[in-house]
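K.L.:
In my numbering, the protein residues as written are 205 to 645.
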Ligand code: IMP
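1) Tell me whether residue 339, by its Cβ, gets closer than 7 Å to a heavy atom of the ligand IMP.
2) Nearest-angstrom Cα distance between residue 390 and residue 216?
3) Could you have a look at residue 247 and say whether DSSP puts it in helix, strand or coil?
4) Between 447, 427, 426 and 493, which has its C-alpha nearest residue 436's C-alpha?
5) Measuring only from the beta carbon, is residue 483 closer than 7 Å to any heavy atom that is part of the ligand IMP?
6) Please tell me whether residue 337 has its Cβ less than 8 Å away from any Cβ of chain C.
7) By Cβ distance, which residues of its chain are closer than 7 Å to residue 322, with the 5 residues on each side in sequence left out?
8) Where does residue 489 fall in DSSP's three states?
9) Taking 7 Å as the cut-off, is the CB of residue 222 close to at least one heavy atom of the ligand IMP?
10) Compute the Euclidean distance between the alpha carbons of residue 432 and residue 464, then round it to the nearest angstrom.
11) Measure from the alpha carbon of residue 494 to the alpha carbon of each residue in 517, 529, 486 and 504, then state which is nearest.
12) What is the rounded straight-line gap between the Cα of residue 594 and the Cα of residue 630?
13) Does the contact criterion of 3 or more C-beta pairs under 8 Å hold for the segment 272-290 versus the segment 233-241?
14) With a cut-off of 8 Å, do at least 3 Cβ pairs link the segment 323-333 to the segment 295-308?
15) Give every residue of the same chain whose Cβ lies closer than 8 Å to the Cβ of residue 640, excluding the five residues on either side of it in the sequence, and list them in chain order.
16) Distance, Cα to Cα, residue 228 vs residue 221?
17) Go ahead and pull the three-state DSSP assignment for residue 563.
18) Anyone know if the C-beta pair for residue 307 and residue 282 falls short of 8 Å?
19) Determine the direct distance from the alpha carbon of residue 310 to that of residue 425, and round the result to whole angstroms.
20) Could you pull out every unbroken alpha helix (DSSP H) segment of at least 4 residues lying fully inside the segment 268-329, listed in chain order?
21) Do residue 489 and residue 501 have their C-beta atoms within less than 8 Å of each other?
22) When we look at the beta-carbon of residue 369 and count the other beta-carbons within 10 Å, is it buried (16 or more) or exposed?
23) Can you give me the Cβ contacts of residue 526 inside the same chain, cut-off strictly under 8 Å, excluding the 5 residues immediately before and after it?
24) Got a sec, what are the start and stop residues for the alpha helix (DSSP H) residue 380 sits in?
25) Is DSSP giving residue 223 helix, strand or coil here?
Pasting the structure below:
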């Protein structure tokens with residue numbers, strides 16, 4: 205029987221509310237893969253990479269671009285602000301990282317226009333609306349247009365005549381809305397159209413049928429690493445709706461967001477902090493007291509890479525990770541930022557939820573219920589010794605190992621790697637783990 209190359213692909217995604225440190229994990233793992241592909245989200249995601257003296261925030265381009273021989277793909281499930289993408293490409297090129305012939309963008313990806321962030325303010329700022337606390341990048345309104353079947357895709361943008369017609373209709377609709385809601389000045393649509401036509405010419409060489417590119421690569425024995433943005437609890441279907449992003453951040457999104465069929469997706473790995481954070485509004489059962497939260501924030505540098513907003517911080521929530529493990533089928537967990545907990549004498553871990561005094565066996569579907577649950581904590585002793593930069597599991601303090609074992613038991617998923625700092629080498633890969641096998645393919 206022929207060897208099935210398909211199962212050697214891997215998806216890496218956040219097991220919490222995003223910002224779990226996936227960028228570093230993807231960068232590290234990409235060594236084992238030929239291509240890295242994004243499948244959802246837009247420039248609402250982001251992580252900072254250091255290239256020599258420069259700091260670049262990668263928002264749309266997968267971090268695999270940092271490794272010279274890898275090809276990277278921005279799939280059809282991603283929404284693209286051409287200005288943001290081109291700015292990122294320019295920053296990469298200026299840092300000596302070649303993108304030509306290595307970066308491929310789906311011709312079916314939808315385009316963000318300046319009216320998208322403008323209209324976002326209708327839902328975010330109008331009195332009486334529930335403010336989601338979005339990143340204000342126009343992500344939600346762009347996906348709205350996609351689902352409403354009036355969106356404009358890169359393939360349309362590249363076809364000047366069809367673009368002009370589609371743009372005129374879409375933009376006139378938006379100007380009407382803008383006027384009705386008395387939002388700012390009318391957009392100079394002719395100017396926007398001209399600007400986007402110029403973007404189209406710069407993007408043209410990179411735009412292609414990436415589903416075909418990926419499927420042909422897989423058929424040819426190449427390995428693909430799929431990179432999730434945001435986190436499973438921000439997934440439009442499975443997250444804490446309505447405090448979610450507008451795309452399928454879960455593993456299920458890989459198939460629709462890249463055109464690689466479910467039978468060829470391969471393994472799934474979840475990334476979780478050793479504690480938890482969230483940005484924006486929404487229920488957060490294990491949010492720490494202001495003092496402990498502040499300590500986690502300062503030690504963990506918990507400020508958004510894209511918006512600079514302080515992140516809300518709290519304790520590891522095992523019921524939440526059990527839930528995201530179920531939805532995504534995590535075969536291994538990577539625990540990041542263990543070293544942030546070096547500073548705590550005691551570390552609470554949420555092992556279950558109670559609702560009106562009764563144990564709750566499932567993740568509540570509504571944010572009203574989730575905001576009422578009482579977390580049941582088990583408090584573990586801290587290790588109060590620096591673990592920052594450690595690269596050996598055995599060298600970790602005994603209490604740090606106990607803590608990790610406890611998380612593993614509670615999450616019900618094997619921990620395959622632990623990150624102890626920002627840099628690639630500040631990582632512990634557990635020998636003989638399932639993760640090690642998944643990486644070897
Ligand atoms: P949007 O994706 O900008 O529509 O924002 C929707 C929600 O997702 C808000 O709570 C954001 O803070 C959150 N969000 C979006 N992207 C990220 C991310 O990369 N990390 C963490 N939270 C995010």
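Positions of the beta carbon are idealized from the N, C-alpha and C atoms, including for glycine.
P.N.:
This is what the structure holds:
1) Working through the chain shown from its first residue, we reach residue 339 at position 135. Yes, the Cβ of residue 339 comes within 7 Å of a heavy atom of the ligand IMP.
2) Here residue 390 corresponds to residue number 186 of the chain shown, with the count starting at 1. Here residue 216 corresponds to residue number 12 of the chain shown, with the count starting at 1. Approximately 42 Å between the Cα atoms of the pair.
3) As a first step, residue 247 is located in the chain shown; it is residue number 43 there, counting from the start. Residue 247: coil per DSSP, three-state reduction.
4) The count along the chain shown starts at 1 and reaches residue 436 at position 232. Minimum Cα distance to residue 436 is reached at 447.
5) Taking the first residue of the chain shown as position 1, residue 483 is located at position 279. Yes; taking the cut-off as 7 Å, the Cβ of residue 483 has a heavy atom of the ligand IMP nearer than that.
6) Checking the listed chains, one finds no chain C in this structure; it contains a single protein chain.
7) The sequence position of residue 322 within the chain shown is 118, counting from 1. Cβ neighbours of residue 322 beyond the five flanking positions: 382, 387 and 388.
8) For the purposes of this step, residue 489 is taken as the residue at position 285 of the chain shown. Here residue 489 sits in coil by DSSP.
9) Against the chain shown, residue 222 aligns to sequence position 18. Yes; taking the cut-off as 7 Å, the Cβ of residue 222 has a heavy atom of the ligand IMP nearer than that.
10) Taking the first residue of the chain shown as position 1, residue 432 is located at position 228. Taking the first residue of the chain shown as position 1, residue 464 is located at position 260. Straight-line Cα distance between these residues: approximately 14 Å.
11) On the chain shown, position 290 is the one that residue 494 refers to. Nearest option by C-alpha distance: 517.
12) Residue numbering aside, residue 594 sits at position 390 when the chain shown is read from its first letter. Residue numbering aside, residue 630 sits at position 426 when the chain shown is read from its first letter. Taking the straight line from one Cα to the other gives about 6 Å.
13) yes
14) no
15) The residue given as residue 640 occupies position 436 in the chain shown. Within the same chain, residue 640 has close Cβ partners 620, 633 and 634.
16) Here residue 228 is taken as the residue at index 24 of the chain shown, counted from 1. Here residue 221 is taken as the residue at index 17 of the chain shown, counted from 1. Near 17 Å, if we compare the C-alpha coordinates of residue 221 and residue 228.
17) Residue mapping note: residue 563 aligns to position 359 of the chain shown, counting from 1. Three-state DSSP puts residue 563 in a strand.
18) Indexing the chain shown from 1 puts residue 307 at position 103. Indexing the chain shown from 1 puts residue 282 at position 78. In this structure, residue 282 does not lie closer than 8 Å to residue 307 by Cβ.
19) Within the chain shown, numbered from 1, the residue matching residue 425 stands at position 221. Within the chain shown, numbered from 1, the residue matching residue 310 stands at position 106. Taking the straight line from one Cα to the other gives about 21 Å.
20) 286-298 and 319-329
21) Your numbering for residue 489 matches position 285 in the chain shown. Your numbering for residue 501 matches position 297 in the chain shown. Against a cut-off of 8 Å, the Cβ pair of residue 501 and residue 489 comes out as no contact.
22) By one-based count along the chain shown, residue 369 stands at place 165. Result: exposed.
23) The count along the chain shown starts at 1 and reaches residue 526 at position 322. So the list reads 614, 615 and 616, once near-sequence residues are dropped.
24) Stepping through the chain shown from its first residue, residue 380 is reached at position 176. Unbroken alpha helix (DSSP H) run through residue 380: 364-384.
25) Within the chain shown, the letter at position 19 stands for residue 223. Looking at residue 223 - three-state DSSP - the assignment turns out to be coil, as it is neither helix nor strand.
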